[in-house]
Amino acid sequence: MNATTKVHAQWSSRMGFVLAATGSAVGLGNIWKFPYMVGESGGAAFVLVYLVCIFLIGLPILVSEWLLGRRGQKNPINTMRDMAEKNNASKAWVLVGISGVLGAFLILSFYSVIGGWSLAYIKDAVVNNFSDQNADGIAAIFNGLLASPAQLLVWHSVFMLLVIGIVARGVTKGLEGAANILMPALGVLLLVLVAYGATTSGFSQALSFMFSPDWSQLTGKVVLSALGHAFFTLSLGMGIMMAYGSYIGEDIDLLKTARTVVIMDTVIALAAGMAIFPIVFTEGLDLSSGPGLIFVTLPLAFGNITGGWLVGLAFFALLSFAAITSAISLLEPVVEFVEERSPLSRATSTVVSGFAAWALGLLALLSFNVLGDVLIFGLNFFDLLDQLTSKFMLPLTGLGGILFMAWHLDKESVRQELNLDIYDFSLWSLLTRYLAPIAVLVVFFTNL
Ligand code: PHE
């Protein structure tokens, strides 16, 4: 069957869809990236701007992507092409789909490197490496990992192989089942860690760092990072949610479902911060230690509580699972793209795409050690891939999606599809036609 005639299967239930979308959204972005960005950006001011971005920009874009996907019933590139044609819009809209696929590919390359760190820490927990270590000992474990290209290579490769293996076996099957149990388990474990944090002396300082804003910390750069991260954490601007949308049945209420997914994603991110910052303050660690933050803080907790190795094992296993479900969703659109535009079978397309992302990931991996001094625009490869995608490609692609939805689709049909009355719909229009796009553009241009 060629892709334009492909008839999609649908999620078995609303729950299945929510789990799959949450599986894509909740991942390293929430637990690894969000806390260190909060730390680097000075705390609560960043958190509040992030929350505004999530609810006023992220949520409507999520709904737009699902809506376009459900109407298009195809992969993001063909969906955008068909929808543009049907609605007499310019062919150039297909760029939204293309840049989405490219973004997913670039993110996957470095995402797998960090997923590899998480796998490496499963091993460390199992061999009880964290027990009775002080902050210096834990930092040494992390620095040892970063300094070793061989170790990083092994874990990056294992992570990518897992992802390739799962994607090669098909779309919906692998996604629904396990997430049912494991995602809630991750949530519970985070709460346990927050409870542990609450017993430490740094807890109240951590809370005020996260929630009581010092507005002097708020710069244009901080706002752009918050905005970029809102896209990253909700998997927006990559055609991923559009692709998922093509599997949603007509009976699913997009706004309600989006609200559920966005709230779960946000709660997990905030919980991760509340688990990590008490340790940072209690131990007097560096707030701005960047991508290593969770790897030098949480193991201190695991080393200090009885049976901590088991808690550590469970934590990194669940984090790895969350990372894998997100990585699957990153590989999926790339595979579809390759499969459709080449004579390769699905399995071969998966291997080829995964291998290409793995190879690019090597540059990210080496930028933590031997290529650390190689800078492009002042950034090493890892930072370059991260910033290019989060701060440029995702916001602009997401903007494309929402503009298309708000300006090119028939308004009345959108209103009915979203189940909004006239008043709520005028609010929705105001938000999607003007407020959200203008906010993205303003943030974007003040930073250029
Ligand atoms: N949203 C995922 C996370 O927070 C990462 C991701 C980004 C997944 C983009 C898919 C697409 O970890």
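Residues 35 to 482, numbered by our numbering, are exactly what the sequence shown covers, in order.
No residue lacks a Cβ here, since even glycine has one placed at the ideal position from N, Cα and C.
Inset, instruction - Assign Phe355 to buried or exposed, taking buried as 16 or more other Cβ atoms, counted over all protein chains shown, within 10 Å of its Cβ. - result: To locate residue 355, count along the sequence shown from 1; it is residue 321. By the neighbour-count definition (other C-beta atoms within 10 Å, threshold 16), Phe355 is a buried residue.
Inset, instruction - Give, in chain order, every unbroken run of the alpha helix (DSSP H) that is at least 4 residues long and sits entirely within the region 327 to 414. - result: Counting only runs of 4 or more, we get 327 to 338, 342 to 375 and 380 to 400.
Inset, instruction - Can you have a look at Glu373 and say buried or exposed, based on whether 16 or more other CB atoms are within 10 angstroms of its CB? - result: Taking the sequence shown and counting its residues from 1, one reaches residue 373 at position 339. Buried, since its Cβ has 16 or more Cβ neighbours within 10 Å.
Legend entry - heavy atom of the ligand PHE below 7 Å from Thr267 C-beta: The residue you call residue 267 lines up with position 233 of the sequence shown. Checking the Cβ of Thr267 against the ligand PHE gives yes.
Inset, instruction - From the DSSP output, in three-state form, read off Phe459 for me. - result: Position 425 of the sequence shown, counting from 1, holds the residue named residue 459. Reduced to three states, the DSSP call for Phe459 is helix.
Inset, instruction - Could you say if the region 416 to 424 and the region 107 to 121 meet the contact criterion of at least three C-beta pairs nearer than 8 Å? - result: Contact between the region 416 to 424 and the region 107 to 121 is absent, because fewer than three Cβ pairs lie under 8 Å.
Legend entry - Local conformation of Tyr281 per DSSP, three classes: For this step, residue 281 is matched to residue 247 along the sequence shown. Here Tyr281 sits in coil by DSSP.
Inset, instruction - Can you have a look at Tyr468 and say buried or exposed, based on whether 16 or more other CB atoms are within 10 angstroms of its CB? - result: Sequence index remark: in the sequence shown, residue 468 carries index 434 (1-based). Exposed.
Legend entry - Simplified DSSP assignment, three categories, for Ser182: Stepping through the sequence shown from its first residue, residue 182 is reached at position 148. Ser182: coil per DSSP, three-state reduction.
Legend entry - Where Leu136 sits in the DSSP three-state scheme: Stepping through the sequence shown from its first residue, residue 136 is reached at position 102. Under the three-state reduction of DSSP, Leu136 is assigned to helix.
Inset, instruction - Look at the Cβ atom of Phe364, then the Cβ atom of Ala138, and state whether they are nearer than 8 Å. - result: As a first step, residue 364 is located in the sequence shown; it is residue number 330 there, counting from the start. As a first step, residue 138 is located in the sequence shown; it is residue number 104 there, counting from the start. The identity of residue 364 in the sequence shown is Leu, whereas the question assumes Phe. Contact flag set, yes.
Legend entry - Neighbour-count burial assignment, Tyr457, 16 or more Cβ in a 10 Å radius: What you label residue 457 is simply residue 423 of the sequence shown in a count that begins at 1. With fewer than 16 other Cβ atoms within 10 Å, it is exposed.
Inset, instruction - Give a yes or no on whether the C-beta atoms belonging to Asn214 and Leu334 are separated by under 8 Å. - result: For the purposes of this step, residue 214 is taken as residue 180 along the sequence shown, with counting starting at 1. For the purposes of this step, residue 334 is taken as residue 300 along the sequence shown, with counting starting at 1. No, the pair does not count as a contact, with Cβ atoms beyond the cut-off.
Legend entry - Closer than 7 Å: Ala59 CB and nearest the ligand PHE heavy atom: Working through the sequence shown from its first residue, we reach residue 59 at position 25. Remark: the shortest separation between the CB of Ala59 and any heavy atom of the ligand PHE falls under 7 Å.
Legend entry - Cα-Cα separation, Ser383 to Ser146: Your numbering for residue 383 matches position 349 in the sequence shown. Your numbering for residue 146 matches position 112 in the sequence shown. CA-to-CA, the gap between Ser383 and Ser146 works out to about 18 Å.
Legend entry - Sufficient close CB pairs (3 or more, under 8 Å) joining the region 338 to 345 to the region 254 to 272: At 8 Å Cβ cutoff, the stretches do not touch.
Legend entry - Cutoff 8 Å; reference Asn453; Cβ partners in own chain excluding five residues on either side: Your numbering for residue 453 matches position 419 in the sequence shown. Correct list, in chain order: Asp287 and Leu289.
Legend entry - Environment of Ile200 [buried if 16+ CB atoms lie within 10 Å]: In the sequence shown, the residue the question calls residue 200 occupies position 166. Buried is the call here.
Legend entry - Inter-stretch contact at 8 Å, needing at least 3 Cβ pairs: the region 73 to 88 / the region 239 to 252: Counting Cβ pairs under 8 Å, three or more are found: they touch.
Legend entry - Cβ pair Val135, Ala361 closer than 8 Å: Counted from its first residue, the sequence shown places residue 135 at position 101. Counted from its first residue, the sequence shown places residue 361 at position 327. No, these two residues do not count as a Cβ contact at 8 Å.
Legend entry - Exposure of Thr466, with buried meaning 16 or more beta-carbon neighbours within 10 Å: In the sequence shown, residue 466 corresponds to position 432, counting from 1. Thr466 sits buried, since 16 or more C-beta atoms from the chains shown fall within 10 Å of its C-beta.
Inset, instruction - On a CA-only basis, which of Lys157, Leu142 and Ala309 is nearest Val72? Give me that one, please. - result: In the sequence shown, the residue the question calls residue 72 occupies position 38. Here the closest residue by C-alpha is Ala309.
Inset, instruction - Would you identify the three-state DSSP class for Pro110, choosing helix, strand or coil? - result: Working through the sequence shown from its first residue, we reach residue 110 at position 76. Three-state result, Pro110: helix.
Inset, instruction - With Tyr84 as the anchor, note down where its alpha helix (DSSP H) starts and where it stops. - result: Residue numbering aside, residue 84 sits at position 50 when the sequence shown is read from its first letter. Judged by DSSP secondary structure, Tyr84 falls within the alpha helix (DSSP H) whose first and last residues are Ala78 to Val86.
Legend entry - Nonlocal neighbours in the same chain, by C-beta distance under 6 Å from Thr316, ignoring five residues either side: Here the question's residue 316 lines up with position 282 in the sequence shown. Non-local beta-carbon contacts of Thr316 in its own chain, meaning distances under 6 Å to residues more than five positions away in sequence, involve Thr234, Ser235 and Gly236 in chain order.
Inset, instruction - Measure the C-alpha to C-alpha separation of Thr294 and Thr480 and round it to an integer number of angstroms. - result: The count along the sequence shown starts at 1 and reaches residue 294 at position 260. The count along the sequence shown starts at 1 and reaches residue 480 at position 446. The alpha-carbon atoms of Thr294 and Thr480 are separated by roughly 32 Å.
Legend entry - Inter-residue spacing [alpha-carbon to alpha-carbon] between Val404 and Ala260: Here residue 404 is taken as the residue at index 370 of the sequence shown, counted from 1. Here residue 260 is taken as the residue at index 226 of the sequence shown, counted from 1. Going by the C-alpha atoms only, they are around 30 Å apart.
Legend entry - Residue span of the alpha helix (DSSP H) that contains Ile472, given as start and end: The residue you call residue 472 lines up with position 438 of the sequence shown. In the DSSP assignment, Ile472 falls within the unbroken alpha helix (DSSP H) covering Ala470 to Thr480.
Inset, instruction - Please state if the CB of Ala303 and the CB of Glu558 are separated by a distance shorter than 8 Å. - result: The question about residue 558 has no answer here: the residues shown for the chain are numbered 35 through 482.
Legend entry - Cα-Cα separation between Trp189 and Val130, rounded to whole angstroms: Stepping through the sequence shown from its first residue, residue 189 is reached at position 155. Stepping through the sequence shown from its first residue, residue 130 is reached at position 96. Their backbone Cα atoms lie some 33 Å apart in a straight line.
Legend entry - Residues of its chain near Tyr84, where Cβ-Cβ distance is below 7 Å and the 5 sequence neighbours each way are ignored: Translated into positions along the sequence shown, residue 84 becomes position 50. For Tyr84, where only same-chain residues beyond five positions count, the Cβ hits under 7 Å are Ala260, His263 and Ala264.
Inset, instruction - Determine, using beta carbons only, whether Ser463 and Ala440 come nearer to each other than 8 Å. - result: As a first step, residue 463 must be located in the sequence shown, where it is residue number 429. As a first step, residue 440 must be located in the sequence shown, where it is residue number 406. Going by C-beta atoms, Ser463 is nearer than 8 Å to Ala440.
Inset, instruction - Answer yes if the region 393 to 404 comes into contact with the region 169 to 188, meaning at least three C-beta pairs across the two stretches below 8 Å, and no otherwise. - result: Using a C-beta cut-off of 8 Å, the region 169 to 188 makes contact with the region 393 to 404, since at least three inter-stretch Cβ pairs fall below that distance.
Inset, instruction - Could you check what DSSP says for Leu270 in three-state terms: helix, strand or coil? - result: Taking the sequence shown and counting its residues from 1, the one referred to as residue 270 is at position 236. Leu270 falls in the coil class under three-state DSSP.
Inset, instruction - Verify the contact flag: Ile274, CB atom, against every heavy atom of the ligand PHE, threshold strictly below 7 Å. - result: For the purposes of this step, residue 274 is taken as the residue at position 240 of the sequence shown. Taking the Cβ of Ile274 as the reference point, at least one heavy atom of the ligand PHE falls within a distance shorter than 7 Å.
Inset, instruction - Could you tell me which of Tyr70, Phe51, Arg104 and Cys87 sits nearest to Val257, measuring between CA atoms? - result: Counting from one through the sequence shown, the residue named residue 257 turns up at place 223. Closest in C-alpha terms to Val257, from the list Tyr70, Phe51, Arg104 and Cys87, comes Cys87.
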